[in-house]
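First to last, the sequence lines map onto chains A and B. Numbering follows my numbering, in which position 6 of the first sequence is assigned residue number 6; successive positions increment by one, without gaps. Numbering follows my numbering, in which position 229 of the second sequence is assigned residue number 1229; successive positions increment by one, without gaps. Note that CB positions come from ideal geometry on N, CA and C, so glycine has one too. Single-structure report; data block below.
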Amino acid sequence: RPKPTPTYRMPPPYVPP
Amino acid sequence: GAPPNHSFLSAAVDHPWERATTPTKVPYYINHQTETTHWDHPKMTELMNSLSELNEVRFSAYRTALKLRTVQKRMCLDLVTVNRAIDAFDSHGLRAQNDKVLDVTDMISVLKTIYDQLANENPSLVTVPLCLDLAVNWLLNVYDSQRTGQIRVLSFKVGIVLLCKGHLEQKYRYLFRLMADPSRLVDQRKLGLLLHDCIQIPRQLGEVASFGGSNIEPSVRSCFEQAGNSTTTIEAVQFLSWLEREPQSMVWLPVLHRVAASEA
């Protein structure tokens, strides 16, 4: 049961190239 | 001087993935196929998912050790000796700087020193951009899950040395030296800081409950009680004799060493 990375802060949103 | 050029790390991923960094230089990964972004490198996600097959192992210390052995080998830390890691720390001026804060650029510079040397000796085993990126990813997951982009030097050193190759007692002695004052003594607060950084490693694998949970105060007390002195500090020999009894909060480390030895 590996704990998912507790990402309280989301990475920057997707921006199409 | 100009910041070191870490563009070589863009090679850590292949299409449709792209590596990018936040304003605070924290790496993140863009999947142009699914149009999503992730803190974890795709290989880190694969690695963490692969660990779930070990959940059948009943004994928690053994289960955690098997998981850590997989993580350790994926980042080639099983090839990095404790001495090599310490030399790299020293060459980057990190000696006696426990409370100093490292940003991701600093971490990459130190890890690059380690992995470049390793790749020279094991060219077929070590892919520097990937190993380095996974190591940064792992350390941030363990010590900076909020992705502030900063880790204390103590955490950085503990996180690397615990997964390095070396004798158990060598690691214990180094951990004690990290905390000891000029008269080679460690008080309860310092031991607490050390054990807190150590327990984050099994915690990152979701296994902390088996090792007494995130609160390490009972572990600190047990060490000082075993030392049997009402004084407020311990010496290295007392720290070692406590660890030899494999206290619950640290038992995953000697078991990891036994797993590694059993493979030899």
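Cβ shell of residue i (< 6 Å), same chain only, five flanking positions each side left out
i: B:Leu1253; result: none
i: B:Ala1180; result: Val1186
i: B:Glu1018; result: Ile1030
i: B:Cys1131; result: Met1075, Cys1076, Tyr1115
i: B:Leu1094; result: Val1153
i: B:Ala1236; result: Phe1176
i: B:Ala1088; result: Val1110, Thr1113, Ile1114
i: B:Ala1227; result: Ile1234, Gln1238
i: B:Asp1078; result: Gln1072, Lys1165
Closer than 8 Å to chain A by CB, residue i
i: B:His1032; result: yes
i: B:His1006; result: no
i: B:Trp1039; result: yes
i: B:Gly1001; result: Any answer about B:Gly1001 is weak, because its pLDDT of 48 lies below 50 and its placement is not dependable; what the coordinates show is given next. No, B:Gly1001 does not count as interfacial toward chain A.
i: B:Glu1056; result: no
i: B:Met1035; result: Here residue 1035 of chain B is Glu; the residue named in the question, Met, does not match the sequence. For B:Glu1035, the answer is yes, since a Cβ of chain A falls inside 8 Å of its Cβ.
i: B:Thr1231; result: no
i: B:Thr1070; result: no
i: B:Thr1024; result: no
Interface residues of chain A facing residue i [CB-CB closer than 9 Å]
i: B:Tyr1028; result: Pro11, Pro12
Sequence-distant residues of its chain with Cβ nearer than 7 Å to residue i (five each side left out)
i: B:Leu1139; result: Met1107, Ile1151, Phe1156, Gly1159
i: B:Val1259; result: Ala1065, Leu1066, Arg1069
i: B:Phe1224; result: Gln1188, Ile1234
i: B:Gln1204; result: Asn1141, Val1142
Contacting residues, own chain, Cβ-Cβ under 8 Å from residue i (five flanking each side not counted)
i: B:Ile1086; result: Val1161, Tyr1174
i: B:Asn1268; result: Past the boundaries of the shown model lies residue 1268 of chain B; chain B is included only from 1001 to 1264, so the question cannot be answered.
i: B:Tyr1172; result: Phe1239, Leu1240, Leu1243
i: B:Gly1192; result: Ile1216, Glu1217, Val1220
i: B:His1092; result: Asp1106, Ser1109, Val1110, Thr1113
i: B:Asp1197; result: Tyr1143, Leu1154, Ser1155, Val1158, Gly1159
Min CB distance residue i to chain C below 8 Å
i: B:Thr1022; result: Reference to chain C is not applicable here, since the protein chains of this structure are A and B.
**Asked** Taking one C-beta from the segment 1242–1253 of chain B and one from the segment 1206–1221 of chain B each time, how about it: are there three or more such pairs within less than 8 Å?
**Response** Taking 8 Å as the limit for Cβ pairs, the verdict is that the segment 1206–1221 of chain B does touch the segment 1242–1253 of chain B.
**Asked** Would you call the segment 1216–1229 of chain B and the segment 1011–1031 of chain B touching, i.e. three or more CB-CB distances under 8 Å?
**Response** Cβ pair count under 8 Å is below three, so no.
**Request:** Answer yes if the segment 1114–1123 of chain B comes into contact with the segment 1147–1159 of chain B, meaning at least three C-beta pairs across the two stretches below 8 Å, and no otherwise.
**Result:** They do not touch, by the three-pair rule.
**Message:** Please give me, in chain order, every unbroken run of the alpha helix (DSSP H) with length at least 4 that falls completely inside the segment 1037–1125 of chain B.
**Reply:** Within the segment 1037–1125 of chain B, complete alpha helix (DSSP H) segments of at least 4 residues are found at 1042–1050, 1060–1074, 1082–1091, 1104–1121, given in chain order.
**Asked** Okay, do the segment 1226–1235 of chain B and the segment 1028–1041 of chain B touch, 3+ Cβ pairs below 8 Å being the bar?
**Response** Contact annotation: the segment 1226–1235 of chain B does not touch the segment 1028–1041 of chain B, with fewer than three C-beta pairs closer than 8 Å.
**Prompt:** Counting Cβ pairs closer than 8 Å, one from the segment 1164–1174 of chain B and one from the segment 1076–1088 of chain B, do we hit at least three?
**Reply:** Judged by Cβ distances under 8 Å, the segment 1164–1174 of chain B makes contact with the segment 1076–1088 of chain B, as three or more pairs qualify.
**Message:** Extract the residue ranges of the alpha helix (DSSP H) inside the segment 1114–1194 of chain B, only unbroken runs of 4 or more that lie entirely within it.
**Reply:** As far as the segment 1114–1194 of chain B is concerned, its whole alpha helix (DSSP H) runs of at least 4 residues are 1128–1143, 1153–1161, 1168–1179.
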